[in-house]
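Engineer: Take this structure, written in structure tokens, and hold onto it; I'll ask about it next.
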Amino acid sequence: MANDIAAYDYCALILLFVIVVYYFRTSVHGTYRVRIMTIIVWAAIGAAACDATRIRFSALGTVNEFRLINVNVIYYLLLSLVPPLFLLYSIATTDTWHKFSKVRIRSFLCMIPILINIGLLICNFFKPVVFGIAADRSLDKHWGYAVGLIIFGFYMALTGWFIKQYVRPIDRKRYYVLVLPLWVVLVGALIDLFSPRQHIINFTITICILGLVLINRRVEDSIDFSTGMHTYKVFAEDMDTNFKSGKQMDIILINIVNYKYALRIIGYDAMLRMMSPMSGEILRIMRRYHAQAMCYYNGDGKFAIELSQRSFGAAREITDEISRSIRQNIRMEVADFELEINTCLVNCPNDISDINALFMLIADLDIAQTDGKIVSASTITETKEFTMKKEMSTIIDRALSNHYFSVFYQPIYDTNTGRFASAEALLRLRDPKYGYISPSMFIPIAEKSGAIHAIGSFVFEEVIKFIASPDFAPMGVDYIEINLSVMQCLRSNLADEIISLCEKYNVDPAKLNLEITETASGYSQSKLYGNIQTLAERGYSFSLDDFGTGYSNLMRIASLPLDIVKLDRAFVQMEESGGHHVIIKNLIEMLKNMNLKVLVEGVETEEMVDSFRQMGVDEIQGFYYSRPLTKSAYIRFMKENAV
Ligand code: C2E
Ligand code: CA
Ligand code: CA
61 MANDIAAYDY CALILLFVIV VYYFRTSVHG TYRVRIMTII VWAAIGAAAC DATRIRFSAL
121 GTVNEFRLIN VNVIYYLLLS LVPPLFLLYS IATTDTWHKF SKVRIRSFLC MIPILINIGL
181 LICNFFKPVV FGIAADRSLD KHWGYAVGLI IFGFYMALTG WFIKQYVRPI DRKRYYVLVL
241 PLWVVLVGAL IDLFSPRQHI INFTITICIL GLVLINRRVE DSIDFSTGMH TYKVFAEDMD
301 TNFKSGKQMD IILINIVNYK YALRIIGYDA MLRMMSPMSG EILRIMRRYH AQAMCYYNGD
361 GKFAIELSQR SFGAAREITD EISRSIRQNI RMEVADFELE INTCLVNCPN DISDINALFM
421 LIADLDIAQT DGKIVSASTI TETKEFTMKK EMSTIIDRAL SNHYFSVFYQ PIYDTNTGRF
481 ASAEALLRLR DPKYGYISPS MFIPIAEKSG AIHAIGSFVF EEVIKFIASP DFAPMGVDYI
541 EINLSVMQCL RSNLADEIIS LCEKYNVDPA KLNLEITETA SGYSQSKLYG NIQTLAERGY
601 SFSLDDFGTG YSNLMRIASL PLDIVKLDRA FVQMEESGGH HVIIKNLIEM LKNMNLKVLV
661 EGVETEEMVD SFRQMGVDEI QGFYYSRPLT KSAYIRFMKE NAV
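This is the structure we're talking about:
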């Protein structure tokens, strides 16, 4: 061993120390993956150090045989641990541990070869079964050495098989990341075998560790632990890049439509336990079709699978099979509760060409009527509603700059005085391409995009200008109600804006009433309370809109400076269907006892007007009296109905 080269080992050691410093300072501790990598790194450091030492020892010629044997045994021990550890790392990094642990006997069998190897190396202290020391102090290899090599190869092959079997169908990218080191180490091992003086194997192992550490950082952020699939975040990133590069994709979408309902019935834990068999089932099918894919779990029972190009031909069949087999094979713990599953095959960029549209499609798949059939993406994407929603941001921008928005007014009847004492301002959008668009459609989108603030300012200015105009005073209207969405309430300068607008047009705050929703009252943000408090102190009054549709919290209602509670149209429907009369009656009574005025919305018939009047509501709003009207129509209406 006198002419052996130790330089590769020294290089390996330097690199490994760099890895120790870098990796352990930057990675999330405590996960299996990091723990196993830690062991691999220390084993590699030990092996490289032992290798360098044994080269040095044999060169010195003064070290006794026993110490030479010791250092060699430790070296081979550490080296033989690397392939099984790498197998563990592959399992941990793909969260496929359940594949192994499910079959305990198989896991046990997998451990036997390494135990044999360790046993042989220990025996070597007593009898040279693996190697002995020749007269020239080189290694004299025996049959045990060949066994060690076979075992080394066995674990490499097993890891390769495992990665091919379980990683490839679920995660193309990680497949290459994991399989490449196997080849690199194999090349290193072969060089070492045929040119033993090179001592290159530790260096190749180090290179692989470096690669894995750099490429495979923070995997725990990107893997969903209940399914072993990629998370929503990775999905969004991958899809964004794919759409930008114009990549052809076949994506299978699988939605558990009644996920939230199931969650309520069987609970979070049970639902979580169901996710693993479900991803297992998907994986099994992918394997059967030899399909490569990227599998994602986007949460809330929504899966997405991006098939690789070579599986495009079988895409339809795979989708069919997934849809059918999940329905048949996944059983709930609660009998007679069935999962409702909608599946859809999307061809990109034909059906969908940008990420927002894809997310909209995923959301809309929940409400598609399927009768258990696969939904074709085009049936959703070709509807007017879908195209409109897709363009909504543009539509809103267009409407803002071209003045396509207008404010309508719906008169509100005061049962105590018999006058139309107030009105609700309701926003209308008339688009040149799509015609009239409902606020319930564009408000949620405007809230997300932030356009709600510009829209809100427009509504305030319109209404305040109207109140300041000479048309207003003769109508004898006490105040106008304006809707405020949660997003608006959370904006810090909301109060200032309203106050300065009223000052600008010289309008009395008592002429405005601001409607906030129950959802808004559920937010504990201090900004929201700050805005409301400031406005209330200045004399603005508030209504609680859509009462009865959200989670009512009476304590919270009591804590807000409210004047009016607006019962949602759902109460009218309840009253119409009968049966809940007493509840509604008592509710109204209770609210009135809290010193609140009670308004009922969505009253369409005389019968309901009578019914709610008898129950003592103060105000009635609905089509029975009038639909929302343009400003001029509203002025006319008030003239005709003057008392
Ligand atoms: P909302 O505040 O609950 O408004 C009442 C909705 O019920 C209005 O729908 C109104 O046209 C409708 N309605 C009134 N009476 C009846 C009736 O007798 N029967 C039926 N079936 N419906 C009736 P609209 O105008 O489509 O507004 C929908 C929602 O959009 C509003 O619900 C409100 O949440 C929001 N919205 C409207 N304008 C604005 C606005 O200026 N700002 C904000 N932030 N949201 C607004
Ligand atoms: Ca309202
Ligand atoms: Ca309402």
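Per the numbering used here, the sequence shown starts with residue 61, numbered consecutively. Where a beta carbon is used, it is the ideal one built from N, C-alpha and C, also for glycine.
#1: Return helix, strand or coil for Pro499, following the three-state DSSP convention.
#2: Quick check: does the Cβ of Asp605 come within less than 6 Å of any heavy atom belonging to ligand 3?
#3: If you run the structure through DSSP and keep just helix, strand and coil, what is His202?
#4: Tell me Met309's beta-bridge partners as DSSP assigns them.
#5: Tell me the rounded alpha-carbon separation between Asn315 and Ala109.
#6: Are there three or more Cβ pairs, one per stretch, closer than 8 Å when the segment 292 to 310 is compared with the segment 253 to 272?
#7: Which partner residues of Pro471 appear in the DSSP bridge assignment?
#8: Alpha carbon to alpha carbon, how far is Leu627 from Ile680? Give it in angstroms, no decimals.
#9: Pull up the distance between the alpha-carbon of Ile178 and that of Val81, whole angstroms please.
#10: Might you give, ordered along the chain, the residues of its own chain that have their beta carbon closer than 7 Å to the beta carbon of Phe518, omitting 5 neighbours on each side?
#11: Pull up the distance between the alpha-carbon of Leu145 and that of Ile99, whole angstroms please.
#12: Rounded to whole angstroms, what's the CA-CA distance from Ala12 to Leu169? Just pull it up for me.
#13: Among residues of its own chain, excluding the 5 on either side of Asn184, which ones have a beta-carbon nearer than 6 Å to its beta-carbon?
#14: Can we count Lys460 as close to ligand 1, meaning its CB is less than 6 Å from some heavy atom?
#15: Closer than 7 Å by C-beta to Thr219: which residues in its own chain qualify, once you throw out the five before and the five after it? Chain order, please.
#16: Out of Ala702, Pro337, Ser552 and Ile230, point me to the one whose CA is closest to Asn591's CA.
#17: DSSP state of Ile576, grouped into three classes?
#18: Provide the residue(s) that pair with Cys355 in DSSP beta bridges, ordered along the chain.
#19: Taking all protein chains shown into account, decide if Asn402 is buried (16 or more other Cβ within 10 angstroms of its Cβ) or exposed.
#20: Can you tell me the Cα-Cα spacing of Ala107 and Thr86, whole angstroms?
#21: Could you check which residue in Tyr321, Leu73, Leu656 and Ala459 has the C-alpha nearest to that of Ala112?
#22: In the DSSP output, what is Tyr539 paired with across the bridge?
#23: Could you tell me if Gln352 is buried or exposed, where buried requires 16 or more neighbouring beta carbons within 10 angstroms of its beta carbon?
#24: Please report the distance separating the alpha-carbon of Glu706 from that of Gly495.
#25: When you compare only the Cα positions, how much space is there between Asp200 and Pro337?
#26: Which of the three DSSP states, helix, strand or coil, is assigned to Val189?
#27: For Asn476, which three-state DSSP category applies?
#28: Under 7 Å between the Cβ atoms of Val523 and Ala481?
#29: Taking the alpha carbon of Glu649 as the reference point, which residue from Ala514, Met675 and Leu250 has its own alpha carbon closest?
#30: Go ahead and label Asn646 buried or exposed: buried means 16 or more other beta carbons lie within 10 angstroms of its beta carbon, across all protein chains shown.
#31: Let's test the definition: count the other Cβ atoms within 10 Å of the Cβ of His463 and tell me whether it reaches 16, buried, or not, exposed.
#32: Identify the continuous beta strand (DSSP E) that holds Gln40 and give its terminal residues.
#33: Could one say the Cβ of Arg347 lies closer than 7 Å to chain D's Cβ atoms, at least one of them?
#34: What I want to know is whether the C-beta of Ser503 ends up closer than 6 Å to one or more non-hydrogen atoms of ligand 1.
#35: So, at 6 Å on beta carbons, what are the nonlocal neighbours of Ile193 in its own chain, with the 5 sequence-adjacent residues on each side left out?
#36: If we call anything under 7 Å between Cβ atoms a contact, is Thr154 one with Val227?
Structural biologist: Considering the structure as presented:
#1: Secondary structure at Pro499: helix, using DSSP grouped into helix, strand and coil.
#2: Yes, the beta carbon of Asp605 sits closer than 6 Å to at least one heavy atom of ligand 3.
#3: In the structure shown, His202 adopts coil according to DSSP, grouped into three states.
#4: Cys408.
#5: Looking at the two C-alpha atoms, the distance is approximately 53 Å.
#6: Result no; under three Cβ-Cβ pairs closer than 8 Å.
#7: According to DSSP, residue pairing for Pro471 in a beta bridge involves Ala483.
#8: Each residue's Cα considered, the two are about 10 Å apart.
#9: Computed Cα separation, rounded: 30 Å.
#10: Result list for Phe518: Phe465, in chain order.
#11: Taking the CA atoms as reference points, Leu145 sits about 8 Å from Ile99.
#12: The structure shown does not extend to residue 12, since the chain spans only 61 to 703, so no value can be given for it.
#13: Same-chain partners within the cutoff: Val133 and Val190.
#14: It should be pointed out that residue 460 corresponds to Leu in this sequence rather than to Lys. Ligand 1 never approaches Leu460 closely enough for any of its heavy atoms to be under 6 Å from the residue's Cβ.
#15: For Thr219, where only same-chain residues beyond five positions count, the Cβ hits under 7 Å are Pro143, Phe146, Leu147, Ser150 and Leu242.
#16: The closest CA to that of Asn591, considering only Ala702, Pro337, Ser552 and Ile230, is found on Ser552.
#17: Residue state, collapsed to three classes: strand.
#18: In DSSP, Cys355 forms a bridge with Ile365.
#19: Per the 10 Å Cβ criterion, buried.
#20: So the two alpha carbons sit approximately 24 Å from each other.
#21: Per the Cα distances, Leu73.
#22: Note: Tyr539 sits in a beta bridge opposite Ser482.
#23: Buried: at least 16 other Cβ atoms inside 10 Å.
#24: Here the chain covers residues 61 to 703 and nothing more, so residue 706 does not appear.
#25: Distance between the alpha carbons of Asp200 and Pro337 is about 52 Å.
#26: Correct three-state label for Val189: coil.
#27: In the three-state scheme derived from DSSP, where H, G and I count as helix and E and B as strand, Asn476 is classed as coil.
#28: No, Cβ-Cβ distance for Val523 and Ala481 is not below 7 Å.
#29: Scanning Ala514, Met675 and Leu250 for the CA closest to the CA of Glu649 turns up Met675.
#30: Exposed, since its Cβ has fewer than 16 Cβ neighbours within 10 Å.
#31: Flag for His463 reads exposed.
#32: In this structure the chain extends from 61 to 703, so residue 40 is not present and cannot be described.
#33: No chain D is present in this structure, which holds just one protein chain.
#34: The sequence shown places Ile at residue 503, rather than the Ser named in the question. Yes, the beta carbon of Ile503 sits closer than 6 Å to at least one heavy atom of ligand 1.
#35: Glu125 and Leu128.
#36: Taking a C-beta distance under 7 Å as the contact criterion, Thr154 and Val227 qualify as a contact pair.
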